[in-house]
Amino acid sequence: MTDTIIETRGLTKDFRGFVAVGGIDLKVRKGSIHALIGPNGAGKSTVFNLLTRFLPASGGKIFFKGEEITRRDPALVAQSGMVRSFQISSTFPAFSLRDNVRIALQRPRQLSYHFWRSDKTLADLYGRADELLDAVGLTRWRDLRAADLSYGRKRALELATTLALDPEVMLLDEPMAGLGHEDIERIANLIRKVAIGRTVLMVEHNLKVVADLSDTITVLARGKILAEGPYAVVAANPEVRSAYMGS
Ligand code: ADP
Ligand code: MG
1 MTDTIIETRG LTKDFRGFVA VGGIDLKVRK GSIHALIGPN GAGKSTVFNL LTRFLPASGG
61 KIFFKGEEIT RRDPALVAQS GMVRSFQISS TFPAFSLRDN VRIALQRPRQ LSYHFWRSDK
121 TLADLYGRAD ELLDAVGLTR WRDLRAADLS YGRKRALELA TTLALDPEVM LLDEPMAGLG
181 HEDIERIANL IRKVAIGRTV LMVEHNLKVV ADLSDTITVL ARGKILAEGP YAVVAANPEV
241 RSAYMGS
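Mapping to UniProt numbering: the sequence shown position 71 is 71, numbers consecutive.
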């Protein structure tokens, strides 16, 4: 139990009778890179929405760091260290990369009164923004508007804005979606880097990426866990093979 950072018991979501997540028991080990895979409509994004409390569960329980968070306010979930990356909405296209990250650095302070007392100056914030841009390899483009970045670099910027919240757990929903080969390599390396000292739970369709990055894989199909384990175990499962052949 001590090395489990996220746990669900019988987690369920139905949308007016349609069971999108049908009672799943998930355990994510602290410090691991854990992938959630499965055909379209399997319930992966819904699981993310339930964990981060963007959607209320219809049944079951969610634990984070040993505390039940099943009904916790989503802002408090984020503040307690579980943060999901958003694919598009998290960046401001007309602002420079530095400003995007600087704004993200100020964001957690709006969640709690005592953060308002922060004595960080703007210079400190830009200094930290530059460190984060460096960490994701975007220093050269830091004064560019986010809108002018290539698609792959936008994804790197999103990682930087998520990292600005210094999350213990990062939930990444399809971080490689729409990327070409080189960007995939780059983002995979970035994920490896940001996963040091953190837990990463990601939904990803690119099986090669999943195989390379993940310690544990959970396969969802029609809202249920079909298989779980390291890649070799999951890939050898006949049910997994047939679920993937159809999609
Ligand atoms: P995945 O991310 O694995 O592709 P989702 O979690 O997005 O799947 O969706 C799982 C199922 O739940 C799908 O059949 C989808 O149509 C349905 N669903 C998701 N969100 C809603 C919603 N807000 N209202 C009704 N049905 C939904
Ligand atoms: Mg999805």
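Ideal Cβ placement from N, Cα and C applies to all residues, glycine included.
Original post:
Cβ of Leu132 within 9 Å of Cβ of Gln106?
Top reply: Here residue 132 refers to the residue found at position 132 of the sequence shown. Here residue 106 refers to the residue found at position 106 of the sequence shown. No Cβ-Cβ contact shorter than 9 Å links Leu132 with Gln106.
Subject >> Between the CA atoms of Ile103 and Phe115 - distance to the nearest angstrom >> reply: Reading the sequence shown from its first residue, position 115 is the one you call residue 115. Reading the sequence shown from its first residue, position 103 is the one you call residue 103. Residue placement at Phe115 is flagged as unreliable, the pLDDT there being 48, under the threshold of 50; the coordinate-derived value follows with that caveat. Each residue's Cα considered, the two are about 14 Å apart.
**OP:** Measure the C-alpha to C-alpha separation of Leu159 and Arg192 and round it to an integer number of angstroms.
**Re:** For this step, residue 159 is matched to residue 159 along the sequence shown. For this step, residue 192 is matched to residue 192 along the sequence shown. A direct Cα-Cα distance of roughly 12 Å separates Leu159 from Arg192.
Original post:
Apart from the five residues on each side of it in sequence, which residues of its chain come closer than 7 Å, Cβ to Cβ, to Asn74?
Top reply: Locating residue 74 in the sequence shown gives position 74, where the first residue counts as 1. Looking at the sequence shown, residue 74 is not Asn but Pro. Cβ neighbours of Pro74 beyond the five flanking positions: Thr52, Arg53, Phe54.
**OP:** Leaving aside the five residues before and after Asp14 along the sequence, list all residues of the same chain whose C-beta is less than 6 Å from its C-beta, in chain order.
**Re:** Reading the sequence shown from its first residue, position 14 is the one you call residue 14. Within the same chain, Ser58 come within 6 Å of Asp14 by CB-CB distance, once the 5 residues on both sides are set aside.
**OP:** From the DSSP output, in three-state form, read off Val233 for me.
**Re:** For this step, residue 233 is matched to residue 233 along the sequence shown. Helix at Val233.
Subject >> Cβ separation of Leu36 and Thr218, assumed to be a contact under 8 Å, to the nearest whole Å >> reply: Residue 36 sits at position 36 when you count from the first residue of the sequence shown. Residue 218 sits at position 218 when you count from the first residue of the sequence shown. Their Cβ separation, rounded to whole angstroms, is 5 Å, which keeps Leu36 and Thr218 in contact under 8 Å.
Original post:
Going by the C-beta, is Ser40 closer than 8 Å to any heavy atom of ligand 1?
Top reply: Working through the sequence shown from its first residue, we reach residue 40 at position 40. The question names Ser, yet the displayed sequence has Asn at residue 40. Yes, since a heavy atom of ligand 1 falls inside the 8 Å radius drawn around the Cβ of Asn40.
**OP:** Using three-state DSSP, classify Glu174 as helix, strand or coil.
**Re:** Indexing the sequence shown from 1 puts residue 174 at position 174. The DSSP-derived three-state label of Glu174 is coil.
**OP:** Return the chain-ordered list of same chain residues with a C-beta closer than 7 Å to the C-beta of Arg9, the five sequence neighbours on each side being excluded.
**Re:** The residue you call residue 9 lines up with position 9 of the sequence shown. Contacts found: Asp25, Gly60, Lys61.
Original post:
Considering Leu13, what are the terminal residues of the beta strand (DSSP E) in which it resides?
Top reply: For the purposes of this step, residue 13 is identified with residue 13 of the sequence shown, where counting begins at 1. Strictly speaking, residue 13 in this sequence is Lys, with Leu absent from that position. Residue range 4 to 15 is occupied by the beta strand (DSSP E) that includes Lys13.
Subject >> Run of the beta strand (DSSP E) containing Gly23, from where it starts to where it stops >> reply: Stepping through the sequence shown from its first residue, residue 23 is reached at position 23. Note, Gly23: beta strand (DSSP E), 18 to 29.
Original post:
How many angstroms separate the CA atom of Ala211 from the CA atom of Ala129?
Top reply: Walking along the sequence shown from the start, residue 211 turns up at place 211. Walking along the sequence shown from the start, residue 129 turns up at place 129. Their backbone Cα atoms lie some 32 Å apart in a straight line.
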